[in-house]
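Here is the structure we will look at, set down as structure tokens.
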Amino acid sequence: MTTLPGSLADNPRLDRWVSFPNPGEVGIATGKVEIGQGVLTAMLQIAADELDVAPARITLRSGETGTTPNEGFTSGSRSIQAGGVALRYACAEVRALHLREAARVLGCDADNLTVRDGAILRDGTPTGQDYWSLAASVDLAREATASVSPKQSSAHTLIGQSTPRVDLPAKVFGEAIFIHDMALDGMRHARAVRQPRRGAVLESVDEAAIRRAAKGPVDIVRHGNFLAIVGDDETSVEAAAAAAPNHVTWAGVEPRSPLAQEANWLLQQPSVDRTVGAAEAAPVRGQARYEQTYSRAHLAHASIAPSCGIAQYKDGHLTVWTHAQGVYQLRAALAKQVGLDPATITVLHVQGAGCYGHNGADDAAADAAVIALQMPGRPIRVRWRREEEFGFEPVSPAMVVKVGALLDDAGRPADWTAEIWSGCHVSRPGAGNLLAAEALPNPPPKPVPADPPDSGGGGATRNGTPLYDIAAKRIIHHLVPETPVRTSSLRGLGAMPNVFAIESFIDELAERAGEDPVAYRLAMQSDQRARAVITRTAEMAAWNPSAARGTGRGRGIGFARYKNTAAYAAVVVELEVDEEIRLLNMWCAADAGLVINPDGVINQLEGGMIQSASWVLKEQVRIDTDGISSLDWESYPVLRFSEVPETKVELIASDSDMPLGVGEATAGPTAAAIGNAVSHALGARIRDLPLTRERIMRTLLAT
Amino acid sequence: MPSQFDFTVNGRPVSVSVDNDDTPLLHVLRSILKLVGTRFGCGLEQCGCCMVLIDGEPVKSCAKPVWTVASKSVMTVEGLGTPDKPHPLQQAFLDEQAGQCGYCLSGILVSAKALLDRNPSPSRREIGQALDDNLCRCGSHNRILRAVEKAAAQMREGAGR
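If you're matching them up, the sequences are chains A and B in order.
Quick note, our numbering runs 803 ahead of the 1-based positions in the first sequence.
Quick note, our numbering runs 46 ahead of the 1-based positions in the second sequence.
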């Protein structure tokens, strides 16, 4: 028996994906949720194309426990690669089952039948039969077989088209589309007063002072070390929450080490070590060896909106509205946290601001759930404060990557080792990964940090192996389990720091060998799709192999295939450096396999480039003895409009039938291209991110 | 003792009463007037999600007490246009597919409106500078800049007819 494609493997029943509820209507369900990547538009294109129905007939449900497939988290650039592919196969099979039934009813061969907007045609002529007339006699409560191939590319009418985003009009006309905009009958507002860290004990609460600060009536809810303020007027609740930390005392708050702010703090920490890949090479006498160390600091998701969750406990049932990435996973975690049967909990996804990974969404929902259980009846809306989002969301761990290579006579790597130090990249909601749970009586034990398996792309090891023709490659992974701040997944996990390190190192090797960086890469790249994106990007940028170094103006290239299994992308960056970096242009060519929506893919690729540029130039989570101290947009600046360079993105036409995930494909190559361009401009290399003014000045003074 | 304030929103006179004199304009817009297009982003006047026009000037509304707009004229994204009658900026944002999560767009549209009101022919650089009070985290910047350029061109063309 073969494994079903994508998410069908875990959700084989066809009626979980497709239904024909009323005449003329099509119900489609997806477990993948809209987090700003345009996935709902792509799913509509897939379903409408494979079923041959007008998109307007489709009602799309997304991220609802009980009614949509459980497709895990919307993460890892896998929405189309896993979820979209599953939907394609499900729709193709549903279409074929209806054609088979129509053939039986009409007494003809199914090969003579086609579908046009849901109606069954025989040799192009209407038969009076359609999906809805046949639905009663086609049982979709059956397991998919994936025996029906989806359409060939040439037959696609919607797949491959740049269909406009279905969610964009509401966002341009200022409609209520975000969870923040929900106004349920009788809804109350709430804010948690955060436990400073796991294990801290709430000693005293000056309720009178908090009420004075509120300037309006508020309720103060306490359950163990979980403290919250609830009221009907959001302004009063907000004011009370802002003042509350000054009016409570905590015991057992261990100070954090400010040294942990810098990535090289990791090198002194205890770690769990392993080696993957080729066996250690025996050194050969006289063989050249080169080694360099690169690093990246902690990064925040820094969603433009702070997290929001709404919960209502009524008649023994808990309903939770959330913008989290996995409704089933959140339900399971909440059930454990509050001691309810999962069957009595419904979790519904509502759009939030872009999250780029595991931010405060799950925690805000958990806050709301805890308060709702304390105050049954009315809906409770928790909207985190900006300072709370920056201070308490899980951040992307800092990383140090030491790359070493033994070189052959041509100066190319023959043996490659990447030694990686990192905190854990994933601590999704599960046992003990919800902040509120840590504050409740009988908190769950601290979870054992574990990165995703290498087979699923890994965490710190993601893209840790270069996709070049090198005889022996290995990774030494040092997982640092104890980090000063909570860490979890951010767009690409370890891919960005690893690709930055690998592609910087490759440039250094090219320079040592006296070769052009593009030519050097192509000389050890036999993957034709990789060669194509590198070559095309260089063409787009009018790459000049003989451009002089150290002129203050530079260009650099970076390449990766995301996870070494998803989309291929190369990026060239052109910039100027004096005391600061001015980005001028960024070019990218990418191969994403079968593309559902070209403009949507380009939007994701260029968004990844600009976000990565912001990480590289500006971003570092600040840590002091209290914990995270970069709590607003002044202390955690991001790239602004006037600092964004021109971007040009091209998709390489592919004859592949399989889509390759793109959302995280450009972050690593962009980071590397910027680093390489800065090195080209300065004639000296900076190996630690972010590329701050201080680091540039230090490098300039040293040269 | 509730306080009452009269002002206009999107050309319509409104009268609102609040119990708490600190109540920000953003809260009044979203919770009392049910105009949720103006979004909450930070409450610190840093991100621009809550941008509105007050007597034509772009102002962040998240920490601006409502009493400060008494007898003034407020415009929000809902005052720009509707799906049936979109403002050229809104149409250009749709044409350019200028957005990803879209949370920042309301404030950006309002800032762009203020720019085009005072400068109908802004350069790309001027548009960028005018939008520097608005943060976008998804990286939709270039699409947004293109959309504002396009809207400006269309508005100039419309005005010239």
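All C-beta atoms in this analysis are idealised placements derived from N, C-alpha and C, irrespective of residue type, glycine included.
Predicted model, so just to flag it, every value in this text is computed and none were measured.
Could you tell me the alpha carbon to alpha carbon distance between residue i and residue j, rounded to whole angstroms?
| i | j | result |
| --- | --- | --- |
| Thr1149(A) | Leu854(A) | 30 Å |
| Gly1355(A) | Asp1310(A) | 18 Å |
| Gly869(A) | Thr833(A) | 12 Å |
| Arg1184(A) | Cys184(B) | 25 Å |
| Leu1176(A) | Thr1147(A) | 12 Å |
| Ser77(B) | Glu124(B) | 15 Å |
| Phe51(B) | Thr1038(A) | 17 Å |
| Ala1313(A) | Leu1492(A) | 21 Å |
| Ser1258(A) | Gln884(A) | 16 Å |
| Ala1298(A) | Thr1469(A) | 10 Å |
| Ala1136(A) | Gly1233(A) | 5 Å |
| Ala1351(A) | Ala895(A) | 56 Å |
| Cys95(B) | His187(B) | 15 Å |
| Ala1172(A) | Pro1247(A) | 17 Å |
| Leu847(A) | Leu807(A) | 21 Å |
| Gln1072(A) | Pro872(A) | 41 Å |
| Gly963(A) | Gly887(A) | 13 Å |
| Glu1547(A) | Thr1264(A) | Only positions 804 to 1506 of chain A appear in the structure, and residue 1547(A) is not among them; the question remains open. |
| Thr877(A) | Ala1476(A) | 28 Å |
Out of the options, state which residue places its alpha-carbon closest to the alpha-carbon of residue i.
| i | options | result |
| --- | --- | --- |
| Ile1174(A) | Gln964(A), Asn1028(A), Glu828(A) and Ala1345(A) | Asn1028(A) |
| Ala1066(A) | Trp1224(A), Ser1329(A) and Val856(A) | Trp1224(A) |
| Glu1453(A) | Val1447(A), Ile1477(A) and Ile1405(A) | Ile1405(A) |
| Leu191(B) | Ala176(B), Glu203(B) and Gly204(B) | Ala176(B) |
| Gln1132(A) | His1161(A), Ser1106(A) and Lys1117(A) | His1161(A) |
| Pro1109(A) | Gln1154(A), Tyr1365(A), Ser936(A) and Leu1121(A) | Gln1154(A) |
| Gly1089(A) | Met990(A), Glu1196(A), Pro1058(A) and Leu1210(A) | Leu1210(A) |
| Ala949(A) | Ala899(A), Val1123(A) and Ala1392(A) | Ala899(A) |
| Thr1052(A) | His1104(A), Pro999(A), Ile1032(A) and Leu1069(A) | Pro999(A) |
| Asp988(A) | Asp813(A), Ala1085(A), Arg1001(A) and Pro1182(A) | Pro1182(A) |
| Ser809(A) | Arg1015(A), Ser880(A), Thr1078(A) and Pro1073(A) | Sequence check: residue 809(A) is Gly here, not Ser. When only C-alpha atoms are compared, the closest one is Ser880(A). |
| Asp179(B) | Ala160(B), Ala144(B), Pro59(B) and Pro166(B) | Ala160(B) |
| Met990(A) | Pro1179(A), Pro1269(A), Ile1337(A) and Leu1238(A) | Pro1179(A) |
| Glu1306(A) | Ser1230(A), Thr1473(A) and Trp1418(A) | Thr1473(A) |
With 16 other CB atoms within 10 Å as the buried threshold, where does residue i fall?
| i | result |
| --- | --- |
| Met1461(A) | exposed |
| Asp1319(A) | buried |
| Ser1457(A) | buried |
| Glu946(A) | exposed |
| Gln136(B) | buried |
| Lys1117(A) | exposed |
| Ser1438(A) | exposed |
| Ala939(A) | exposed |
| Asn66(B) | buried |
| Gln1423(A) | buried |
| Glu1497(A) | exposed |
| Asn825(A) | exposed |
| Ser1329(A) | exposed |
| Asp1166(A) | buried |
| Asn1400(A) | buried |
| Val1087(A) | exposed |
| Glu1241(A) | buried |
| Phe53(B) | buried |
| Asn1236(A) | buried |
| Ala1011(A) | exposed |
| Trp820(A) | buried |
If the criterion is Cβ atoms closer than 8 Å, does the pair residue i and residue j meet it?
| i | j | result |
| --- | --- | --- |
| Ala138(B) | Gln200(B) | yes |
| Leu1282(A) | Asp1254(A) | yes |
| Leu916(A) | Arg907(A) | no |
| Glu1484(A) | Leu1386(A) | This sequence places Ala at residue 1484(A); Glu is not what is there. Not closer than 8 Å, so no. |
| Met1389(A) | Pro1448(A) | yes |
| His1101(A) | Ala1201(A) | yes |
| Ser1199(A) | Gly1157(A) | no |
| Ala1208(A) | Pro1197(A) | no |
| Val1336(A) | Tyr1371(A) | yes |
Residue i bridges to which residues according to DSSP?
| i | result |
| --- | --- |
| Lys1117(A) | His1120(A) |
| Arg1277(A) | Gly1080(A) and Thr1220(A) |
| Asp1427(A) | Gly1430(A) |
| Asp1244(A) | Residue identity check: residue 1244(A) is Pro in the sequence provided, not Asp. In the DSSP output, where bridge partners are listed per residue, Pro1244(A) has none listed. |
Hey, is residue i's beta-carbon within less than 8 Å of any beta-carbon in chain C?
| i | result |
| --- | --- |
| Gln848(A) | Absent from the structure is chain C; the protein chains it does hold are A and B. |
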